[in-house]
Amino acid sequence: MRNKKTLQLTTMAFVIAFAMILSFVESRIPAFVAIPGVKVGLANIAVIFTLYKLGVKEAITVSIIRVLLISMLFGSPVSLIYSISGATLSLATMILLKKLTPLTEVTISVTGGVMHNVGQIAAASFMLSTNVVIYYLPFLLVSGTIAGVVVGIASAILIKRIKFDYRP
């Protein structure tokens, strides 16, 4: 029993560290589009990997810790609100789709990317007390779809190649 707990703890720490490294790398990549706030979300590779290889509870834990640490290191309190809103809606949708459908990692990732942007727009609309930000959504949906494909392909490769399947 103790070995399982140790394995779980070290695996979670490794996945969170991997997410942090991906976030740092992404923070050093110059923006490739002129739309503010658009990024690939490479750290979500760690969340999708965790969802498929470790389980739902572990994916929720990785997502929460990832958002908190990344916001403290690379963001601000306002970015934390946007990140937690997007991450919550995204992960909830990905968990439901994974449980209820036979969709691929790429399709689930694309849906997660799009829902992340929907969550951010909802948070912005609430925080700014205006619905004007909804006009930004079409641009974010396109970027979320593209980012979801990139993250989904990378996640699928990682899930397939790492022959590790730990379930508590």
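Its first residue numbered 4, the sequence shown is counted upward by one per residue in the numbering used here. Just so you know, even glycine gets a beta-carbon here, dropped at the ideal spot from N, CA and C. The model shown is predicted, which means the values in this text are computed figures rather than measured ones.
Closest by C-alpha distance to residue i, when choosing among the options
i	options	result
residue 29	153, 44, 119	44
residue 129	162, 90, 85, 12	85
residue 124	112, 71, 113, 137	137
residue 87	101, 65, 11, 102	65
residue 159	106, 144, 139	106
residue 15	140, 60, 127, 90	60
residue 127	142, 90, 109, 81	81
Proximal residues to residue i (C-beta, below 8 Å), its chain only, five neighbours per side dropped
i	result
residue 26	45, 46, 69, 73, 76, 77
residue 101	54, 55, 111
residue 19	49, 65, 68, 69, 72
Test item: CB-CB of residue i and residue j under 9 Å
i	j	result
residue 115	residue 151	yes
residue 131	residue 48	no
residue 51	residue 154	yes
residue 90	residue 122	yes
residue 62	residue 94	yes
Extent of the continuous alpha helix (DSSP H) run through residue i
i	result
residue 153	140-164
residue 131	108-131
residue 90	80-103
residue 49	47-56
residue 60	59-77
Same chain, Cβ closer than 7 Å to residue i, five either side skipped, listed in chain order
i	result
residue 147	116, 117, 119, 120
residue 182	For the chain, the structure presents residues 4 to 171; residue 182 sits outside this window and is missing.
residue 109	152, 155, 156, 159
residue 113	148, 151, 152, 155
residue 96	114, 115, 118
Residues near residue i in its chain [Cβ-Cβ closer than 6 Å; skip 5 each side]
i	result
residue 22	46, 49, 69
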